[in-house]
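Before any comments, here is the structure.
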Amino acid sequence: MRPSGDIVSFRFVIATLAACLSSLALPLAAAPENPDAVLRKAFRKPPVQGWIQIHLEGTPAEIGYQHGNLLAKEIAELQKVIALELEHDTKKDWEFFRKAAEEVLWPKVEPEYRDELNGIVDGLLSRSVRLDIWDVVALNAFLELGPYYVPYWDKKQPDAEHQKPVSVPERCSAFIATGDYTKDGKIVMGHNAWTGYLDGQRWNIVFDIVPERGNRIFMDGLPGVIHSADDFGVNSAGMMITETTISQFSGFDPDGIPEFIRARKAMQYASSIDEFARIMIEGNNGGYANNWLVGDNKTGEIASLELGLKNVTLRRSADGYFVGSNFPVNEKLAEEETTFNRKDRSVSANARRIRWEQLMAEWKGRVDVKAGQRFLGDAVDSFTGKIYPNERTLCGRIDLSPRGIVSWVPAFGLAGA
Numbered sequence: 000m001r002p003s004g005d006i007v008s009f010r011f012v013i014a015t016l017a018a019c020l021s022s023l024a025l026p027l028a029a030a031p032e033n034p035d036a037v038l039r040k041a042f043r044k045p046p047v048q049g050w051i052q053i054h055l056e057g058t059p060a061e062i063g064y065q066h067g068n069l070l071a072k073e074i075a076e077l078q079k080v081i082a083l084e085l086e087h088d089t090k091k092d093w094e095f096f097r098k099a100a101e102e103v104l105w106p107k108v109e110p111e112y113r114d115e116l117n118g119i120v121d122g123l124l125s126r127s128v129r130l131d132i133w134d135v136v137a138l139n140a141f142l143e144l145g146p147y148y149v150p151y152w153d154k155k156q157p158d159a160e161h162q163k164p165v166s167v168p169e170r171c172s173a174f175i176a177t178g179d180y181t182k183d184g185k186i187v188m189g190h191n192a193w194t195g196y197l198d199g200q201r202w203n204i205v206f207d208i209v210p211e212r213g214n215r216i217f218m219d220g221l222p223g224v225i226h227s228a229d230d231f232g233v234n235s236a237g238m239m240i241t242e243t244t245i246s247q248f249s250g251f252d253p254d255g256i257p258e259f260i261r262a263r264k265a266m267q268y269a270s271s272i273d274e275f276a277r278i279m280i281e282g283n284n285g286g287y288a289n290n291w292l293v294g295d296n297k298t299g300e301i302a303s304l305e306l307g308l309k310n311v312t313l314r315r316s317a318d319g320y321f322v323g324s325n326f327p328v329n330e331k332l333a334e335e336e337t338t339f340n341r342k343d344r345s346v347s348a349n350a351r352r353i354r355w356e357q358l359m360a361e362w363k364g365r366v367d368v369k370a371g372q373r374f375l376g377d378a379v380d381s382f383t384g385k386i387y388p389n390e391r392t393l394c395g396r397i398d399l400s401p402r403g404i405v406s407w408v409p410a411f412g413l414a415g416a
């Protein structure tokens with residue numbers, strides 16, 4: 000028997016009401032009253048060698064709206080890519096990460112960044128892209144959700160012993176030098192990002208952000224993401240910030256502040272090495288655990304902040320260098336928080352560390368921007384002593400390696416610097 004018209008109408012009303020109530024459950028930021036005026040403060044430049052520069056300026060909500068509006072197409076595309084990669088790597092669908100964004104991360108996001116994230120949603124909607132706040136938060140946190148939150152969550156499940164472990168990969172090479180090591184005595188910093196080629200080709204946004212409060216930010220990044228994530232940036236207080244991930248790290252505190260919030264806040268508000276360290280350490284959740292290389296252009300001082308969940312090491316120098324290639328620095332951290340073998344010279348992170356030390360000794364007193372570019376394109380495999388781009392070279396080419404990187408991609412996997 001077919002339902003009567005009244006019943007069909009009643010069902011329609013109930014379904015519509017349920018959808019409305021569901022949308023009301025989402026945290027919302029008011030769309031700008033005059034979106035044209037908001038967008039006049041922002042702009043997007045045509046791509047240059049694949050890089051897209053955008054300028055964002057205003058209140059947190061305005062910056063978010065500009066971001067979502069100007070990069071709507073790119074954000075929608077990136078979300079699909081990240082969802083695909085996360086499901087492949089963790090065997091969990093996008094809804095799992097949306098739920099984590101809502102229940103684990105959002106309660107620790109402070110109002111300023113809630114407004115900016117909601118602004119991105121509003122900007123996307125202005126371009127008819129329908130991603131909600133949980134999509135945007137999960138996108139921002141994908142680096143800490145996949146290899147950090149997922150293992151934490153898996154261990155709490157009844158079938159934990161049957162779960163395939165998700166490991167933190169070895170990716171990125173970086174250096175920072177000052178004093179006697181540089182040509183003019185000033186700070187020189189460099190970094191290359193190791194990514195899968197699917198997401199890496201979309202890591203092509205240059206953000207120029209003038210927030211209502213804090214320092215102006217100039218950083219590279221991903222569409223829809225409010226921190227660099229790479230990380231590589233400078234601010235108007237003279238702070239220079241980059242990092243490399245700590246390989247095979249394990250640890251996550253669900254009561255901590257998301258890493259993407261702390262990283263963005265440090266980029267925006269830090270005016271000294273001490274302030275940077277304080278912002279990153281306070282509320283540390285262990286997500287996206289990195290060795291941060293930081294410089295203060297006002298003083299010429301540089302620092303390395305190795306930020307584990309249990310072990311934190313801050314080293315400073317006014318006349319020296321720090322390098323990163325995903326190796327743990329602190330032996331105690333390596334033993335307690337990673338499964339990394341610091342003695343195996345054939346491992347990518349260790350081979351690159353050796354090459355970094357060789358280059359810094361060879362180039363002492365001559366390091367400048369051109370030298371830094373040369374370092375980051377270096378193809379010497381320190382384990383074999385040969386010029387052969389692969390997973391052991393500073394300019395990583397896993398796609399050319401018959402070994403791949405066990406914790407990340409297989410032999411000849413589509414990833415690299």
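Letter 274 of the sequence shown, counting from 1, is numbered 273 in numbering that gives the first Met the number 0, and no numbers are missing.
The beta-carbon is built from N, C-alpha and C at its ideal position, and this holds for glycine as well.
Values in this document were obtained by computation on a predicted structure and should not be read as measured data.
Where does residue 23 land, buried or exposed, given buried means 16+ other C-beta within 10 angstroms? Interpretation of residue 23 is limited by its pLDDT of 44, a score under 50 that renders its predicted location unreliable; the figure taken from the coordinates is listed afterwards. Looking at its Cβ environment, which holds fewer than 16 other Cβ atoms inside 10 Å, residue 23 is exposed.
Residue range of the beta strand (DSSP E) that includes residue 292: Looking at the DSSP string, the run of the beta strand (DSSP E) that includes residue 292 is 289-295.
Determine, using beta carbons only, whether residue 390 and residue 381 come nearer to each other than 8 Å. In this structure, residue 381 does not lie closer than 8 Å to residue 390 by Cβ.
Assign residue 48 to buried or exposed, taking buried as 16 or more other Cβ atoms, counted over all protein chains shown, within 10 Å of its Cβ. Per the 10 Å Cβ criterion, exposed.
Continuous beta strand (DSSP E) stretch holding residue 191: start and end: In the DSSP assignment, residue 191 falls within the beta strand (DSSP E) that extends over 187-191.
Find out if the Cβ-Cβ distance for the pair residue 64, residue 145 is shorter than 8 Å. Contact flag unset, no.
Please classify residue 35 as buried or exposed, where buried requires at least 16 neighbouring CB atoms within 10 angstroms. An exposed status is given to residue 35, since fewer than 16 other beta-carbon atoms sit within 10 Å of its beta-carbon.
Spatial neighbours of residue 105 in its chain, beta-carbon cut-off 7 Å, leaving aside the 5 residues before and after: 136, listed in sequence order.
Apart from the five residues just before and just after residue 259, which ones in its own chain have a Cβ nearer than 6 Å to its Cβ? The residues are 139, 140, 226.
The region 212-219 touching the region 70-84, judged by at least three CB pairs closer than 8 Å: The region 212-219 is not in contact with the region 70-84.
According to DSSP, is residue 153 helix, strand or coil? Here residue 153 sits in helix by DSSP.
Would you mind stating whether residue 294 and residue 301 have Cβ atoms separated by less than 8 Å? For the pair residue 294 and residue 301, the CB atoms are nearer than the 8 Å cut-off.
Taking C-alpha atoms, which residue in 339, 362, 363, 270 lies nearest to residue 235? Of the candidates 339, 362, 363, 270, the one whose C-alpha sits nearest the C-alpha of residue 235 is 270.
Under 8 Å, with one C-beta from each stretch per pair, do the region 205-213 and the region 53-60 reach the 3-pair mark? The answer is yes - the region 53-60 touches the region 205-213, with three or more Cβ pairs under 8 Å.
Determine the DSSP secondary structure at residue 413, reduced to helix, strand or coil. Of the three classes helix, strand and coil, the one that applies to residue 413 here is coil, per DSSP.
Using 10 angstroms around the beta-carbon of residue 11, count the other beta-carbons present and answer buried if the total reaches 16, otherwise exposed. Residue placement at residue 11 cannot be trusted, given a pLDDT of 36 that sits under 50; what the coordinates show is reported in the next sentence. Residue burial annotation: residue 11 is exposed, with fewer than 16 other C-beta atoms found within 10 angstroms of its C-beta.
Between the region 194-208 and the region 351-370, are three or more C-beta pairs nearer than 8 Å? Cβ pair count under 8 Å is below three, so no.
Residue 178 to residue 228 span [Cα, whole Å]: Inter-residue distance for residue 178 and residue 228 is about 28 Å (C-alpha atoms, whole angstroms).
Based on the DSSP secondary-structure assignment, which residues constitute the bridge partners of residue 54? DSSP output for residue 54 lists 42, 207 as bridge partner(s).
What whole-angstrom Cβ distance do residue 351 and residue 393 have, given they're in contact under 8 Å? Contact holds; Cβ gap of about 6 Å.
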